[in-house]
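Numbering (the working numbering), first residue to last: 2 to 484. Single-structure report; data block below.
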């Protein structure tokens, strides 16, 4: 017995010695992550955006819609389900590092061959064969393959969690933008109603002047045509308002409440935002953090593929009873046990492990490329949002002046038209200018609010890294060969 144990130990030692000569093939990653210094980010840090930033608009109805969407939206539920799936994979991978104990039992009726293993009186007879056995298997993970698998699963959990966070932030932003869309559509409907009333007044004034012989029938028809066009515009704006409400209802899953909502009361000037690309932009984006976690998962996956070239070493044990016949099965004489070690070392696999290692390296390159794409998109999205918001705020200043001037022009033209000092065309031109200025003013106010929301989302939507989800790692191993 002692000689057999020594022989087994010697064979295991020989395998481990041979493992020292085994190395993974040279397959170097091609992609390198982009650093902040290559992206033109400003030296100043971003302003702090609160987690529930939509509350700064001061509209409790909006707060309710966002809260309901975050609770009931199917897309967010799917993202949370993916988190649970990744967590279960991590638990499964971690469990494989612990000793595995199983119990097997069987009792079969068997006819024994006269020309095989069993001698008389068993040969040629029908007998019961019983077996009850406990088995122990424990992988020692001497080369860290299982540890790398756990690292990969843990990084995948972080990536899924960050994806869920990004989905939550995106949903909050989408609901807020849809709510602003409803406010915009309602404002345009009100402008169309005001325009229809004003053109009714001009049409009535023109009709009176025609009956008094002060204007021509053509002028009356022109006023009636403009009134019909304004009513057509009112139908169109009401349709746009209904569609905006439909979009909000779809996001929140609360159709009845959206259709019966009160008019929005938004403070469009709320929430301080930066005017340049902040240096900490990448740290404020959940999607960037998720991409970093996927790089970490792919790096660990490549390490798993590299360590597949080394032996697997397991400790084995068994204990139980085996017997022919039912009566002696649990007798002391039927007890058996054993212990030992098992090792597996790949020698020739027709290139399967090399292909897996090359695939894992390609997966790492893909994750780095996806990260770089996400980084570039984040910088562009933020730069576009800053530029768009700045442009809209500049337009708003000029638009206020245009609205005041057009209102004064129309009031003056209407008074002088009644006095017979201005022709009808001057009134109509002034009226059209005022209607357009009002429409532009209402749209510009809502567009500016939507642009502020877009910038908030580009800046991360209130996401802030914590110690638990900070997935930034040293990526030197991405661009250097592992041996």
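Ideal placement from N, C-alpha and C gives every residue a C-beta, glycine not left out. Here the structure is a predicted model, which is why all the values come from computation and not from measurement.
At a Cβ-Cβ threshold of 8 Å, residue 135 and residue 319 count as neighbours. Collapsing the DSSP output to three states places residue 209 in a helix.
Cβ contact annotation for residue 326 (same chain, cutoff 8 Å, sequence separation greater than five): 128, 129, 131, in chain order. Of 82, 146, 175, 157, the smallest CA-CA separation from residue 450 is found for 175. Under the three-state reduction of DSSP, residue 74 is assigned to coil, being neither helix nor strand.
Per the DSSP secondary-structure output, residue 389 pairs with nothing in a beta bridge.
By the 16-neighbour rule on beta-carbons within 10 angstroms, residue 235 is buried. In this structure residue 261 is exposed. Its beta-carbon is surrounded by fewer than 16 other beta-carbon atoms within 10 angstroms. Contact annotation: residue 62 and residue 265 have beta-carbon atoms nearer than 8 Å.
In this structure residue 210 does not touch residue 231 by the C-beta definition: roughly 20 Å separates them, more than the 8 Å allowed.
By the Cβ rule, the region 138 to 155 counts as touching the region 296 to 303, because three or more pairs are nearer than 8 Å. In this structure, residue 464 keeps its C-beta atom at 8 Å or more from the C-beta atom of residue 283. With respect to the C-alpha of residue 322, the residue from 330, 316, 315 having the closest C-alpha is 330.
Taking one beta carbon from each stretch, the region 439 to 456 and the region 392 to 404 have 3 or more pairs nearer than 8 Å; the two touch. By the C-beta density criterion, residue 50 is buried, having at least 16 other C-beta atoms within 10 angstroms. Approximately 5 Å separates the beta-carbon atoms of residue 149 and residue 305; this is inside 8 Å, confirming the contact. Bounds of any alpha helix (DSSP H) do not take in residue 103; it lies within the beta strand (DSSP E) bounded by 101 to 112. Annotation for residue 317: the continuous beta strand (DSSP E) segment containing it runs 313 to 325. Only residues of its own chain outside the window of five on either side were considered, and among them 113 have a CB closer than 7 Å to the CB of residue 126, listed in chain order. Cβ neighbours of residue 193 within its own chain (closer than 6 Å, five residues either side excluded): 234, 235, 238. Between residue 204 and residue 224, the CB-CB gap stays under 8 Å. With distances taken between CA atoms, residue 336 lies nearest to 324 out of 188, 345, 324.
If you check the CB distance, residue 67 and residue 54 do not come in under 8 Å. If the five residues before and after residue 163 are omitted, its C-beta is found closer than 7 Å to the C-beta atoms of 287, 290, 291, 294, 470, all from its own chain and listed in chain order. Under the DSSP assignment, residue 337 falls in the beta strand (DSSP E) whose first and last residues are 336 to 345. Using a C-beta cut-off of 8 Å, the region 364 to 377 makes no contact with the region 334 to 349, since fewer than three inter-stretch Cβ pairs fall below that distance.
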